[in-house]
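Undergrad:
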Amino acid sequence: MTNRQIVIAQLPEGALEPDHFRMTETPMPEPGDGDVLLRVILMSIDAANRSWMKGATYRAAVNVGDAMPTYAICEVITSNSPRFKSGDVVAAEATWSDYITAPARNVQKMPVSETLSHHMSVYGIAGKTAYHGLMNIGRPMPGETVLVSAAAGSVGGYVGQIARAMGCRVVGIAGGPEKCAYVTDKLKFDACLDYRDPGFGKALAAACPDGVDIYFDNVGGKILERALNLMNERGRVVCCGAISQYDTDAASGPRNLPGVVVVKRLRMEGFIVTDHMREDARALRALNHWVQSGQITVTEDIVEGLENAPAALIGLLSGDNTGKRMVRVGPDPS
Ligand code: NDP
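98 is the number that the working numbering gives to position 110 of the sequence shown; each next residue is one higher, with no gaps.
(1) Taking the alpha carbon of glycine 311 as the reference point, which residue from Gly115, Leu104, Leu25, Phe259 has its own alpha carbon closest?
(2) Short check: CB of tryptophan 84 to CB of alanine 299, under 9 Å?
(3) I need the DSSP call for arginine 71, collapsed to helix, strand or coil.
(4) Tell me, please, which residues DSSP counts as bridged to proline 91.
(5) Would the region 99 to 106 and the region 242 to 253 be scored as touching if the rule is three or more Cβ pairs under 8 Å?
(6) Between the region 126 to 137 and the region 264 to 271, do at least 3 Cβ pairs fall closer than 8 Å?
(7) Report whether the distance from the Cβ of aspartate 308 to the nearest heavy atom of ligand 1 is below 8 Å.
(8) Report the residue from Asp21, Ala55, Asp34, Met(-11) whose alpha carbon sits nearest the alpha carbon of phenylalanine 9.
(9) Mind checking whether the beta-carbon of tyrosine 234 lies closer than 8 Å to any heavy atom of ligand 1?
(10) Any heavy atom of ligand 1 closer than 8 Å to the Cβ of arginine 266?
(11) Do you know offhand how far asparagine 220's Cα is from arginine 255's?
(12) With the cut-off set at 9 Å, would you say valine 28 and tyrosine 87 are in Cβ contact?
(13) Just verifying my parser: in three-state terms, what is the DSSP assignment at glycine 303?
(14) If you count every other CB in all the chains shown that lies within 10 Å of the CB of arginine 47, and 16 or more means buried, which is it?
(15) Could you give the residue range of the beta strand (DSSP E) that holds lysine 42?
(16) Spell out a yes or no on whether the region 25 to 39 and the region 60 to 73 are touching, meaning 3 or more CB-CB pairs, one atom from each, closer than 8 Å.
(17) Measure from the alpha carbon of tyrosine 59 to the alpha carbon of each residue in Val315, Glu18, Lys210, Pro321, then state which is nearest.
(18) In the DSSP assignment, the alpha helix (DSSP H) including alanine 150 goes from what residue to what residue?
(19) So within the region 208 to 292, which uninterrupted beta strand (DSSP E) runs reach at least 3 residues, ignoring any that extend past its ends?
(20) Go ahead and label valine 78 buried or exposed: buried means 16 or more other beta carbons lie within 10 angstroms of its beta carbon, across all protein chains shown.
(21) Between cysteine 228 and ligand 1, is the CB less than 8 Å from at least one heavy atom?
Here it is, written out as structure tokens:
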């Protein structure tokens, strides 16, 4: 029996394309002592996959010949550890593959759940990133205005819904009128502006008549620059990601730094979701409460088939997803 893997064929210099990936077939991996053999069920597709191809970040760079790393939900097929038995469902650092092996100590057992995909979306990295970034760095107060970019995406959609649940006025930014309608109609943001519209700057200012108290930045670049100009004194800028800068070699940053931060006494703070893992239990309790009470709508965008992972990532970078993008590699355990 063989195992399929998607590896990096060449590193992109400009925008990511299908040719930068190659499907390979390798012998089935053999679990060593203390390891588990895992069947991959769902793989997370993240903007970060692209940034890892640019060099070392908070993790090592991805190089030619490497299988693309990912976070995955898997089924234990063989266990050489007393901690797991075959049939257990676990979360693991994986690669774009049908099967992987991992040391059992690096694998977490998942709670039994009817909707496994929710552990990839609202109860996974997306929901936790939204919660930790907004609550720990943004620190929302009822009545404040929260501005969120990539609002129809995974993290952004949850940020806005949590901010609404906290009693804030929430304004989103997304690409195109359909996405903006989705953000206001389905995710119940108070307003959403299309950053591709020529009148975007004026429309954004009009949608934030009391200024912006918290800007949750998923995109960086020009949109960050505009958001900074709308910030109120003592506002908080949550630096979550900079997707507008990942798929290009021509980075463009805000021109109003550091002046605007000084004059308005802003706090800009970056974070990585795992910085706050000690508070994951609290985040999951709160997210579960908001899902049960209907204040959070779970948004998922599932692409079928390992072979479609490159297209799923390329599409995410150009905005063809709505909600948390993941790839289904195999069926849920029966
Ligand atoms: P999303 O589901 O939000 O998908 C990405 C979205 O970004 C696209 O749908 C697209 O929407 C938007 N986008 C793409 N290019 C641009 C651009 N040039 N300008 C503006 N918007 C753009 O992805 P995620 O929720 O996975 O990630 C969102 C952000 O959160 C990323 O920056 C990611 O790196 C970051 N992140 C950070 C984490 C952390 O620990 N700090 C953890 C997880 C994610 P549209 O059609 O609206 O353009």
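Heads up, the beta-carbon is just placed ideally off N, CA and C, and yes, glycines get one too.
TA: Judging by the given coordinates:
(1) Against the sequence shown, residue 311 aligns to sequence position 323. Considering only alpha carbons, the answer is Gly115.
(2) Taking the sequence shown and counting its residues from 1, the one referred to as residue 84 is at position 96. Taking the sequence shown and counting its residues from 1, the one referred to as residue 299 is at position 311. Inclusion of tryptophan 84 and alanine 299 in the CB contact set at 9 Å is not warranted, their separation being larger than that value.
(3) By 1-based counting over the sequence shown, the position of residue 71 is 83. Coil, per DSSP.
(4) Here residue 91 refers to the residue found at position 103 of the sequence shown. According to DSSP, residue pairing for proline 91 in a beta bridge involves Asp23.
(5) Not touching, per the Cβ criterion.
(6) Taking a contact to require three or more Cβ pairs closer than 8 Å, the region 126 to 137 and the region 264 to 271 do not qualify as touching.
(7) Taking the sequence shown and counting its residues from 1, the one referred to as residue 308 is at position 320. Taking 8 Å as the cut-off, one finds at least one heavy atom of ligand 1 near enough to the beta carbon of aspartate 308.
(8) Position 21 of the sequence shown, counted from the first residue, corresponds to residue 9. Minimum Cα distance to phenylalanine 9 is reached at Ala55.
(9) In the sequence shown, counting from the first residue as 1, residue 234 sits at position 246. Under cutoff, so the answer is yes.
(10) Residue 266 sits at position 278 when you count from the first residue of the sequence shown. No, the Cβ of arginine 266 stays beyond 8 Å of every heavy atom of ligand 1.
(11) In the sequence shown, the residue the question calls residue 220 occupies position 232. In the sequence shown, the residue the question calls residue 255 occupies position 267. Cα to Cα, the separation comes out at about 11 Å.
(12) What you label residue 28 is simply residue 40 of the sequence shown in a count that begins at 1. What you label residue 87 is simply residue 99 of the sequence shown in a count that begins at 1. Cβ distance < 9 Å, so valine 28 and tyrosine 87 count as in contact.
(13) One-based indexing of the sequence shown puts residue 303 at position 315. Note: glycine 303 maps to helix in three-state DSSP.
(14) In the sequence shown, the residue the question calls residue 47 occupies position 59. Residue environment: arginine 47 is assigned as exposed (fewer than 16 neighbouring CB atoms within 10 Å of its CB, all protein chains considered).
(15) Taking the first residue of the sequence shown as 1, we reach residue 42 at position 54. First-last for lysine 42: undefined, no H or E at that position.
(16) Because the criterion of three Cβ pairs below 8 Å is met, the region 25 to 39 and the region 60 to 73 touch.
(17) Taking the first residue of the sequence shown as position 1, residue 59 is located at position 71. Minimum Cα distance to tyrosine 59 is reached at Val315.
(18) As a working note, residue 150 is residue 162 in the sequence shown. According to the sequence as given, residue 150 is isoleucine; it is not alanine. 142 to 153 is the span of the alpha helix (DSSP H), which, as asked, contains isoleucine 150.
(19) Counting only runs of 3+ residues, the beta strand (DSSP E) found wholly inside the region 208 to 292 occupies 219 to 227, 255 to 258, 288 to 292, in chain order.
(20) Against the sequence shown, residue 78 aligns to sequence position 90. A buried status is given to valine 78, since no fewer than 16 other beta-carbon atoms sit within 10 Å of its beta-carbon.
(21) Along the sequence shown, one-based indexing puts residue 228 at 240. Indeed, a heavy atom of ligand 1 lies less than 8 Å from the Cβ.
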